[in-house]
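Every position in the sequence shown, counted from 1, becomes a number in my numbering once 66 is added.
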Amino acid sequence: MDFSDAAPPAAVAGTTPADMIASFARLHGLLDLAWTDDAERLYEQLNKAVAAEELVLDSPTAAAYLRLASRFGAMWGPHPDLERSDER
Numbered sequence: 067m068d069f070s071d072a073a074p075p076a077a078v079a080g081t082t083p084a085d086m087i088a089s090f091a092r093l094h095g096l097l098d099l100a101w102t103d104d105a106e107r108l109y110e111q112l113n114k115a116v117a118a119e120e121l122v123l124d125s126p127t128a129a130a131y132l133r134l135a136s137r138f139g140a141m142w143g144p145h146p147d148l149e150r151s152d153e154r
């Protein structure tokens, strides 16, 4: 089969090597984030939960979850000040 004329998937179309490197760097950053008290609190509550029951976070753990989500978003989210611009 010849796939030479096949269009790349939408997620890949227009992606440059620099974009891919930036994505891998962000992923590495997420995986390498320091373990914090917030992570420990959430981890402990998740481990106490029974798989079949709905997990309801207490107020301090919910706040820890929001702080962790904010850290993850800051690491993975867009960084306009770091984006390359070829229009300069």
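Beta carbons: idealized from backbone N, C-alpha and C, even for Gly.
Would you grab the beta carbon distance between L134 and D103 for me? Rounded to a whole angstrom, and I think it's under 8 Å.
If you number the sequence shown from 1, residue 134 lands on position 68. If you number the sequence shown from 1, residue 103 lands on position 37. Not confirmed; about 11 Å, so no contact.
Extent of the continuous alpha helix (DSSP H) run through L132:
Taking the first residue of the sequence shown as 1, we reach residue 132 at position 66. Per DSSP, L132 belongs to the alpha helix (DSSP H) from 125-142.
Using C-beta distances below 7 Å, list every residue in its chain close to R137, excluding the 5 sequence neighbours before and after it, in chain order.
The residue you call residue 137 lines up with position 71 of the sequence shown. Within the same chain, R137 has close Cβ partners L99.
Counted within 10 angstroms of its Cβ, other Cβ atoms place A117 as buried (16 or more) or exposed:
Here residue 117 refers to the residue found at position 51 when the sequence shown is read from its first residue. Looking at its Cβ environment, which holds fewer than 16 other Cβ atoms inside 10 Å, A117 is exposed.
Same chain, Cβ closer than 6 Å to A88, five either side skipped, listed in chain order
Within the sequence shown, the letter at position 22 stands for residue 88. Here A88 has no same chain residue with a Cβ atom under 6 Å from its own Cβ, once five neighbours each way along the sequence are excluded.
Neighbourhood of W142 by C-beta distance below 7 Å, restricted to the same chain and skipping five residues each side:
As a position in the sequence shown, residue 142 is number 76, starting the count at 1. Residues R92, L96 of the same chain have their beta carbon placed closer than 7 Å to that of W142, with the five preceding and five following residues left out of the count.
Between which two residues does the alpha helix (DSSP H) harbouring A88 extend?
By 1-based counting over the sequence shown, the position of residue 88 is 22. Residue range 83-97 is occupied by the alpha helix (DSSP H) that includes A88.
Helix, strand or coil for L112 per DSSP?
Taking the sequence shown and counting its residues from 1, the one referred to as residue 112 is at position 46. Helix at L112.
Close beta carbons around A130, own chain, < 7 Å, minus the five adjacent residues each side:
As a working mapping, residue 130 is identified with position 64 in the sequence shown. Within the same chain, A130 has close Cβ partners D104, R107, L108.
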